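Numbering (our numbering), first residue to last: 433 to 666. For each residue, glycine too, the CB sits at the ideal point set by N, CA and C. Since the structure is predicted, the reported quantities are computational estimates derived from the model, not experimental observations. Right, one structure below, let's go through it.
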Amino acid sequence: MSATLTAPHQAALKRRRRGRIAVVVVAVASVAIVLSAVPPYLAGMEPRVGIRENVPVHLPILVAHAAAGGVALLVGPFQFFGSIRRKHPKVHRTLGRLYLLGGILPGALTGIVVAVLTTAGPIALVCFVFLDVFWLYTAVRAYRAVRARDFAAHERWMLRSMAATFAAVMLRVYLGLFIAVQLPLLDGFYGSDFEALFSVAYTAAIVGSIVLNLLFIEIYLRRMGSGRISAGAA
């Protein structure tokens, strides 16, 4: 009888441990990407993406987008640390405002402009515009839900928002992977044209980072049901 009674408790503990591990992994990966990717933009180094020389505002807007995205990546994961939310609710709310006003809002608006100006082709343009609109929409829905004190809905929209934010991390992971798996084709299929190989890898990484992240979070939310998820958070 006792084993039957403790089974749900044991399952909850396992979910909580998995939640802690997931949040820590996301936080570490996010910080690593911010520290490696954002400083070069702020230091005025040559960006890795193509810049339209005939559009003077392209680079400044890209830098602003990178900075705001860095704020979202640094702050976002800490919204899911249950210990912060429970013991320091004011800190949790302050981080939430910073995530929305210092990260998502400027990041999405500048991101749409950067997407329209991208030199990576029409697929990248459509994907980036979709991501920025989705990014802003989910954050606004999360804010409206918490204002209505619907904390379950707030958490779900925040998870969707963070999945969109984390696409910046996965884009770089997939880019390295897709470059690596195509290297044997460089001399033959690509005729030693690394730029062509990179273009294919970059487009695939953009699509993969967005589609797989959003698909994963929707599957996760459906599996967790309609209640609060935070019981399993760190």
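Counting pairs of beta carbons, one from the segment 472-480 and one from the segment 509-524, are three or more of them closer than 8 Å? In short, these stretches do not touch, since the Cβ pair count stays below three.
Alpha carbon to alpha carbon, how far is Val546 from Val489? Give it in angstroms, no decimals. A direct Cα-to-Cα measurement between Val489 and Val546 gives close to 10 Å.
Quick one: Cα of Leu474 to Cα of Tyr575, how far? About 29 Å.
Return yes when the Cβ of His586 is within less than 8 Å of the Cβ of Thr542, no when it is not. With respect to His586, Thr542 sits apart: the two C-beta atoms are not nearer than 8 Å.
Between the segment 611-624 and the segment 593-601, are three or more C-beta pairs nearer than 8 Å? A contact between stretches requires three or more CB pairs, one per stretch, nearer than 8 Å, and the segment 611-624 fails this requirement with the segment 593-601.
Taking the alpha carbon of Cys559 as the reference point, which residue from Val639, Val632, Ile516, Leu609 has its own alpha carbon closest? That would be Val639, whose Cα lies nearest to the Cα of Cys559.
Less than 8 Å between C-beta atoms, sequence neighbours within five positions excluded: which residues of the same chain meet that for Val457? Non-local C-beta neighbours of Val457 in its own chain, meaning closer than 8 Å and more than five positions away in sequence, are absent.
Of the residues Gly535, Trp589, Leu494, which one's Cα is nearest the Cα of Leu653? Of the residues Gly535, Trp589, Leu494, the one whose Cα lies closest to the Cα of Leu653 is Trp589.
Consult DSSP for His520 and reduce its assignment to one of helix, strand or coil. His520 falls in the coil class under three-state DSSP.
Could you give the DSSP three-state label for Pro472: helix, strand or coil? When secondary structure is reduced to three states using DSSP, Pro472 falls in the helix class.
Status (buried if at least 16 other CB within 10 Å, exposed otherwise) for Arg449: Per the 10 Å Cβ criterion, exposed.
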